[in-house]
Amino acid sequence: MYSWRKIREKLFTFTIILLSLLAIAPIIHMIIVVSINGIVTFVKAGTSFFTGLPPTPLSQEIGGIAPSIIGTLLMTAISLPITITLAIFAAILATEFPKNPISVAIDAIAKSLASIPTIAVSMIVYTVVVVPMKGFSALAGALALTIVALPYAYTYFSTALRSVPAVYREAALSVAMSRWGTVIRVLIPIARNGIAIGVLMTMARIMGETAALLFTAGRFRNRVSITPSKPVDAVPLLIFDYILSPYDIWHQVAWGATAFLLLAYIAIFFAVKLIVKEVKL
Amino acid sequence: MMTRKDKLFFISLLPLSSSLLTILVLSIATVALKSLDSLQTFGLNLLISSTWNPERGVYGFLAPLIGSVTTSILAVITALFLSLPLTIIIAEYLRGIVKNVVSSIVELMGGMPTIIYAVWASQYLVPFLKEFIMEPLHNVFKFIPLFSCRPITGFSIFASGISIGISIVPYVTAIILEAHQSIPLAYREACYGIGATRYESIKIMLSLARPAIVAALILGFARSLGETTIAAVTVGNSMYLSSCLFAPGYTVSALIASQFANAHLYPYAESVLYASILFVMMISIALSFYGSSTIIRWRSRIVV
Chain B
354 MYSWRKIREK LFTFTIILLS LLAIAPIIHM IIVVSINGIV TFVKAGTSFF TGLPPTPLSQ
414 EIGGIAPSII GTLLMTAISL PITITLAIFA AILATEFPKN PISVAIDAIA KSLASIPTIA
474 VSMIVYTVVV VPMKGFSALA GALALTIVAL PYAYTYFSTA LRSVPAVYRE AALSVAMSRW
534 GTVIRVLIPI ARNGIAIGVL MTMARIMGET AALLFTAGRF RNRVSITPSK PVDAVPLLIF
594 DYILSPYDIW HQVAWGATAF LLLAYIAIFF AVKLIVKEVK L
Chain A
2 MMTRKDKLFF ISLLPLSSSL LTILVLSIAT VALKSLDSLQ TFGLNLLISS TWNPERGVYG
62 FLAPLIGSVT TSILAVITAL FLSLPLTIII AEYLRGIVKN VVSSIVELMG GMPTIIYAVW
122 ASQYLVPFLK EFIMEPLHNV FKFIPLFSCR PITGFSIFAS GISIGISIVP YVTAIILEAH
182 QSIPLAYREA CYGIGATRYE SIKIMLSLAR PAIVAALILG FARSLGETTI AAVTVGNSMY
242 LSSCLFAPGY TVSALIASQF ANAHLYPYAE SVLYASILFV MMISIALSFY GSSTIIRWRS
302 RIVV
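Going down the list, the sequences are from chains B and A.
According to my numbering, the first sequence holds residues 354 to 634 in order.
According to my numbering, the second sequence holds residues 2 to 305 in order.
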């Protein structure tokens, strides 16, 4: 008949399935409610949601989040190339000279940088850049984003470069290619999928970061600004300010902005998944 | 020995690579220098009092510090209860396309901007927790100090801990899953070879992976300590130090998020906030190193 072992087995399986469903439930619920609330806002506001200015608290029109979108794009455009360049150099150094003390140190440094709270990064950039420059700016925001994203990008790139089998490096060197030639013409092309994934995930990280921008970017949303030395806004900042405000109209704008951010993130995520699939073939 | 060409290659990489070191040194120096002022003026008072009155120049961040630690402990407990089953189901039960879908969902959760968690938590999770968890707990266990106060808005240390916990589930899951996969197949074969059931085999696998699981939780703790966005919108922002989890509180990062912008108006305020983040930063960096070195040591022992 049923022994205790068999009953225990069934109970265990049941508990595991239940708790796993509970672990997955938040994200499913999150995607559903953000989409529903976001679509309501999109429908009410129409295309002007992407071109208009945020509403005043008592206005009837939802308006738009153009200053925030442009600000996020501007800071991403400044920060991403810098982050990628610095991270790829560090990753090449760490993978090409794995035994060198400097490479070992870089690994540890990246780990320490990743564990600095992002709000601390915001304070540091405020003190080092914003105060001397006498004002918030897209540049300061981009710098804070770079500091936050750098260790992530480094981890992605060094993992990608390390995954290249040693025989390729040996083959390239044995036909008298230079070290730089080997890296640029052999290693990076072979690791290109991993590197592309790293670039995309770093971009997602930069676009979605909130805390690092709190005291750097300036939350300037009265009009669209594309001057790097002037204050700007960012989509996450707008959401952060509006979602806890007492005004219903700002809540609606925040939901629309959240849905927009989620959509952008999911698009990046699927691009990453497509690249991963290509590796398998 | 490096050849001359190797050396040139090495040196050509050095300037940009060392930017990481420059950033780290500059960051730590800034935080340390900025906090020096208040540490000298207030000393230990910062750590043992929780009066926050910039107008009178009296500061103490005991309450937010305890808030940070409490929310992180709650977050880690939440993450443990959700990550462990998730790891087991991905590694031991699911196969083929379902496994791919579930692990993709976990990855999707992992990279999700925290502001989206924050929005969802403040609008849906907090009211849900208030109605279905906090109020029942309060009604039944009123005599326990932790549950002794009636949840008024729901925004509290408890809500913040659970919200942050949900956001670190994918991170903790990924670390435990990686550890689980590095246990050699021979152990599992041995388990089934002596007629163990799946439950018994999983129990043995988990006991093998215990140091790695503990390390994953420590890393999760370090990450929750610095979490700002979710904490700031769920914790309720109150300087009042309470033994009750359902009362609104503060975490260090939430305190900074709400106070730092105006801190330059008051003497010492900025420096005190720097001092508070200095503590969090030191704990966070130390725990990250401890956690990741534990995992590396564990892996080198388990892989035969």
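All residues carry an ideal CB built from backbone N, CA and C; glycine is no exception.
**Asked** Of the residues that make up the stretch 543 to 558 of chain B, which ones have a beta carbon closer than 8 Å to any beta carbon in chain A?
**Response** Met554, Ala557, Arg558
Closer than 8 Å by beta-carbon distance: list the chain A residues that pair up with B:Phe568, in chain order.
Phe261, Ala262
Item to check | Where A:Asn54 sits in the DSSP three-state scheme | outcome: strand
| said: So if I threshold CB-CB distances at 8 Å, which residues from the stretch 402 to 436 of chain B count as touching chain A? | reply: none
- Anything in chain B within Cβ reach of A:Gly112, meaning under 9 Å, just list it in chain order. Met554, Ala557, Arg558, Gly561, Tyr618, Ile621, Phe622, Val625
Taking only three categories from DSSP, how would you classify A:Gly97? helix
- prompt: Ordered along the chain, which non-local residues of its own chain (more than five positions away) have a Cβ less than 7 Å from that of B:Ile543?
  reply: Val517, Tyr521
Worksheet item: Which of the three DSSP states, helix, strand or coil, is assigned to B:Gly571?
Response: strand
Exercise. DSSP state of B:Val528, grouped into three classes?
Worked result: coil
**Report entry** Short CB-CB distance (under 7 Å) between B:Arg522 and chain A
**Finding:** no
Subject >> Span of the alpha helix (DSSP H), counted from its first residue to its last, around A:Cys192 >> reply: 186 to 194
Please report how far the alpha carbon of A:Ile12 lies from the alpha carbon of A:Ala248, in whole angstroms. 56 Å
Flag this pair as yes or no: are the beta carbons of A:Ala64 and A:Ser51 separated by less than 7 Å? yes
At what residues does the alpha helix (DSSP H) containing A:Thr281 begin and finish?
According to the sequence provided, residue 281 of chain A is Val. The question's Thr does not apply to it. From DSSP, the alpha helix (DSSP H) with A:Val281 extends over 270 to 303.
Determine whether the beta carbon atoms of B:Leu496 and B:Val478 lie at a separation below 7 Å. yes
Would you please verify whether the beta carbon of B:Leu634 is less than 7 Å from any beta carbon of chain A? Low confidence applies to B:Leu634: its pLDDT is 42, below 50, so where it sits in the model is not reliable, and the reading given next is rough at best. Closer than 7 Å: no.
Helix, strand or coil at A:Val77 [DSSP, three-state]: helix
Check your understanding: What's the C-alpha gap between B:Phe613 and A:Glu132?
Key -> 30 Å
Requested in this report: State the start and end residues of the unbroken alpha helix (DSSP H) segment that holds B:Tyr595.
Outcome: 588 to 596
ask   = Which residue from B:Gly561, B:Thr368, B:Ser465, B:Gly609 puts its Cα closest to that of A:Val26?
value = B:Ser465
Since A:Leu17 meets chain B, which of its residues come closer than 8 Å, beta carbon to beta carbon?
Thr438, Leu439, Phe442, Ala443
_Residue range of the unbroken alpha helix (DSSP H) whose run includes A:Ser208_ = 199 to 209
**Report entry** Check whether A:Ser164 and A:Ile205 have beta carbons under 7 Å apart
**Finding:** no
Exercise. Is the stretch 218 to 230 of chain A in contact with the stretch 435 to 452 of chain B, if contact means three or more CB pairs nearer than 8 Å?
Worked result: no
- [ ] Note down, in chain order, every chain A residue with its Cβ under 8 Å from the Cβ of B:Leu446.
- [x] Phe11, Leu14, Leu15, Ser18
*For the 8 Å Cβ check, are there 3 or more pairs between the stretch 39 to 59 of chain A and the stretch 188 to 198 of chain A?*
no
What do you get for B:Ile537, buried or exposed, if any count of 16 or more other CB atoms within 10 angstroms of its CB means buried? exposed
Short-range partners of chain A found in the stretch 528 to 539 of chain B, where Cβ spacing is below 9 Å:
Ser531, Arg532, Trp533, Val536
Of the residues that make up the stretch 161 to 192 of chain A, which ones have a beta carbon closer than 7 Å to any beta carbon in chain C? Absent from the structure is chain C; the protein chains it does hold are B and A.
| said: Let me make sure I understand the geometry here. Which of A:Ser259, A:Arg57, A:Ala210, A:Arg224 has the alpha-carbon closest to that of A:Ala233? | reply: A:Ser259
Check: Roughly how many angstroms lie between the CA atoms of B:Leu634 and B:Ala524, to the nearest whole one?
Finding: The predicted model places B:Leu634 with a pLDDT of 42, which falls under 50 and marks its position as unreliable; any figure quoted below should be read in that light. So the two alpha carbons sit approximately 24 Å from each other.
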